[in-house]
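Enquirer:
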Amino acid sequence: MHNYPQYKPLRNLLRRYNLRGSIEDIWWYFQAVDLPSSNERVWTGQSFTKLKQIIYKWEIAILAREIILNATPEGKLRLRPWQNMAHVVNLLRQVDNDMAGAHMTPERAYNSLAPTGQLQFPWQRQRQFNPLMRYFKLFSAPDVEHLLVRETGVCTKEWFFVGFAAAGLLQKECGISAHQDYRPFGIELDRSKTVFEKLSQPFEELREKVSDAARYDDTWMYTWNPLEAKPLVGLDPMHPERLHCPIPYYVLKRASQGLFYEITAAEGFNNPFGASFQAYLGEVLRETFQSSPFTIYEEREYKVGRDRKDGVDWILTDDQANLFIECKAKRMTAGAKSAVDPLIIGQQVDYLAKAVVQLYKNIADALGGHTHWPRNDRPIFPLVVTLEDWYLFGTSADLLAEGVRTKMANANLDLTWLDTMPYTVASCEDFEDVSPTIAEVGIHKFFSLKQAGGRQNWMIQLYAKENFNEAYRKTVPRELFREEWNRILPENVLPFKLKSADSSSH
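Listed below in structure tokens is the structure:
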């Protein structure tokens with residue numbers, strides 16, 4: 004399916020827009036919608052309405068991609084005033100609707116739920132302290148940081164400092180110089196310049212990458228945005244150090260969780276990174292479940308006959324139930340996130356299905372008395388915790404359930420366990436968020452209710468809010484490892500304040 008004719012009206016319109024001016028306008032609109040303190044209103048023809056109510060952050064990010072692809076230095080139009088922006092956004096939405104065209108079927112519409120969630124849900128999360136601390140700890144693990152320094156010449160603390168300082172400045176203005184001097188904070192010029200080189204690219208290179216990634220079918224809206232990898236763009240070949248940033252959030256993201264891009268292809272990446280994530284989750288468990296009736300067991304090798312096996316990553320027990328936890332650092336590929344085709348989605352989800360079944364195999368060995376876990380007769384709940392959220396619902400959730408059942412049958416595992424020991428897949432962010440609720444109400448009460456009433460595929464954060472609202476509201480506003488933050492970035496040198504879950508600043 005190739006629906007480029009449906010795209011041409013948007014292309015033709017954006018060619019009339021000025022490149023630099025439109026990037027600056029996109030920056031303004033994004034800040035107006037993204038900043039909690041923003042109260043910008045526009046005249047819609049009927050009333051003055053908050054921008055946050057009529058345009059979404061993911062739409063602004065997509066528009067940034069399309070401006071990069073189509074706007075010109077000679078263009079006369081700007082995205083401000085609002086009437087111009089409204090016209091462009093309405094056409095962008097129309098193109099999204101038209102891309103499927105006559106090919107849209109109920110099945111394909113259902114399959115599109117997965118990429119729609121991948122596109123929209125990350126933007127709906129509040130900027131919080133915990134994810135930043137999580138990624139600092141992951142990339143500061145000695146074996147992981149060794150890879151980062153080997154590949155970039157810049158240590159984790161320097162990456163975070165330069166990236167966060169740049170993100171803070173970009174909340175106030177659209178442009179930044181790659182020659183920013185951080186030597187007063189102990190960061191040499193060559194290292195800060197390396198960070199800016201990694202975060203930026205000339206406009207022509209960016210336009211080529213956007214063009215290469217473009218798909219003119221019903222995945223058009225979902226295709227990966229190259230600004231995520233390099234959010235700073237150089238518009239002036241005579242002054243390549245002068246950089247523009249239409250979406251400041253991408254800088255913060257790229258300098259934290261996006262450090263993954265720097266080391267993912269490095270030799271020896273998988274084992275240290277996976278071990279770092281497993282160790283981090285152990286820290287979260289110890290921080291949350293500190294006292295009786297909870298006991299934490301970490302991974303320990305064991306043997307079944309002559310076969311050596313790795314144990315389950317973590318086991319958490321209380322006086323009512325057991326939680327067997329497997330940690331998975333793998334992220335879903337960009338291609339699968341934007342896919343409507345179940346075959347493409349299924350190739351990625353198959354990885355999680357294998358992880359779930361491996362967890363059941365470990366449980367079988369534990370029940371057989373082969374591990375260090377003191378066997379008891381309390382219920383067992385398997386939990387796979389992913390570093391990043393896979394947003395499993397619709398097609399992806401169906402494929403996971405099907406894959407787990409098939410692989411369990413092939414492994415001669417008891418299929419009734421899917422009912423008596425139902426598994427859950429959750430992101431680390433959601434587990435951090437709800438683990439105090441689990442500590443408050445107990446493992447059995449929390450996870451047994453999740454399997455009833457069609458809640459099995461609910462994200463556990465939503466599930467906790469809906470079913471344990473009082474406990475959730477009481478326990479959720481916490482900042483993990485806050486006392487360690489000054490080791491990274493003392494707040495008195497930050498040009499902005501970090502946001503917590505329930506307050507605007509600290």
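For the sequence shown, counting from 1, position 300 maps to 303 in my numbering; every step adds exactly one. Beta carbons are placed, not taken as given, at the ideal position from N, Cα and C, and that holds for glycine. Keep in mind it's a predicted model, so treat the numbers as computed, not measured.
(1) I'd like to check one pair, residue 31 with residue 68: are the Cβ atoms closer than 8 Å?
(2) Sort 467, 430, 440, 468 by Cα distance to residue 134 and report the nearest one.
(3) Would you give the residue range spanned by the alpha helix (DSSP H) that residue 431 belongs to?
(4) Just checking my contact of residue 464 with residue 437 at CB under 8 Å: how many whole Å lie between their CB atoms?
(5) What are the boundary residues of the beta strand (DSSP E) that includes residue 328?
(6) Check whether the region 138-152 and the region 261-281 touch, using three or more Cβ-Cβ pairs below 8 Å as the test.
(7) Going straight from the alpha carbon of residue 81 to that of residue 28, what length do you get?
(8) Looking only at its own chain, which residues have a Cβ that is under 8 Å from the Cβ of residue 101, when we skip the five neighbours before and after it?
(9) Just how far apart, CA to CA, sit residue 185 and residue 238?
(10) Assign residue 508 to one of three DSSP states: helix, strand, or coil.
(11) Is it right to say residue 581 is buried, meaning 16 or more other beta carbons lie within 10 angstroms of its own, or is it exposed?
(12) Assign residue 137 to buried or exposed, taking buried as 16 or more other Cβ atoms, counted over all protein chains shown, within 10 Å of its Cβ.
(13) Check whether the Cβ atoms of residue 361 and residue 329 lie closer than 8 Å to each other.
(14) Consult DSSP for residue 57 and reduce its assignment to one of helix, strand or coil.
(15) Determine the extent of the beta strand (DSSP E) in which residue 44 is found, giving its start and end residues.
(16) With a 10 Å radius around its C-beta and 16 neighbouring C-beta atoms as the bar for buried, classify residue 40 as buried or exposed.
(17) From which residue to which residue does the alpha helix (DSSP H) around residue 317 run?
(18) Thinking C-beta only, is residue 166 closer than 8 Å to residue 254?
(19) Do the region 445-454 and the region 319-326 make contact, defined as three or more Cβ pairs closer than 8 Å?
(20) Beta carbon of residue 349, beta carbon of residue 402: below 8 Å?
(21) For residue 290, which residues from the same chain have a beta carbon less than 8 Å from its beta carbon, with the 5 sequence-adjacent residues on both sides left out?
(22) Give me, in chain order, the residues of the same chain whose beta-carbon lies closer than 6 Å to that of residue 43; leave out the 5 immediate sequence neighbours on both sides.
(23) Which residues in the same chain as residue 156 place their Cβ atom closer than 7 Å to its Cβ, once the five residues preceding and following it in sequence are excluded?
(24) Could you check if residue 15 is buried or exposed, using at least 16 other CB atoms within 10 Å of its CB as the buried criterion?
(25) Let me know the secondary structure DSSP gives residue 396 once reduced to three states.
(26) Mind checking residue 241: buried by the 16 CB within 10 Å criterion, or exposed?
(27) Helix, strand or coil: how does DSSP classify residue 247 here?
(28) Which residue wins for smallest C-alpha separation from residue 434, given the options 458, 466, 410?
(29) Tell me residue 236's beta-bridge partners as DSSP assigns them.
(30) Less than 8 Å separating the beta-carbons of residue 410 and residue 427?
(31) Please state whether DSSP places residue 2 in a helix, a strand or coil.
(32) Could you spell out where the alpha helix (DSSP H) holding residue 286 opens and where it closes?
(33) Express the C-alpha separation of residue 190 and residue 170 in angstroms, rounding to a whole number.
(34) Which residue from 278, 479, 164, 46 puts its Cα closest to that of residue 87?
(35) Please determine if the region 330-350 and the region 387-398 are in contact, where contact requires at least 3 C-beta pairs separated by less than 8 Å.
(36) Taking three-plus beta-carbon pairs below 8 Å as touching, is the region 364-383 in contact with the region 303-310?
Expert: Quick answer:
(1) No, Cβ-Cβ distance for residue 68 and residue 31 is not below 8 Å.
(2) 430
(3) 431-444
(4) 6 Å
(5) 325-331
(6) Look at the beta carbons and you see the region 138-152 touching the region 261-281: at least three pairs across the two are nearer than 8 Å.
(7) 7 Å
(8) 6, 9
(9) 24 Å
(10) With a pLDDT of only 35 at residue 508, under 50, the local geometry of the prediction cannot be trusted, and no value is derived from it.
(11) For the chain, the structure presents residues 4 to 509; residue 581 sits outside this window and is missing.
(12) Residue environment: residue 137 is assigned as buried (16 or more neighbouring CB atoms within 10 Å of its CB, all protein chains considered).
(13) Cβ atoms of residue 361 and residue 329: closer than 8 Å.
(14) coil
(15) Segment 44-46, the beta strand (DSSP E) holding residue 44.
(16) exposed
(17) Here residue 317 belongs to no alpha helix (DSSP H); instead the beta strand (DSSP E) covers 317-320.
(18) Yes, the Cβ-Cβ distance between residue 254 and residue 166 is below 8 Å.
(19) yes
(20) yes
(21) 483, 484
(22) 35, 54
(23) 194, 197
(24) exposed
(25) coil
(26) exposed
(27) strand
(28) 466
(29) 204, 247
(30) no
(31) Outside the shown range of the chain, which is 4 to 509, sits residue 2, and nothing can be said about it.
(32) 273-291
(33) Put simply, the backbone Cα of residue 170 is about 17 Å away from that of residue 190.
(34) 46
(35) yes
(36) yes
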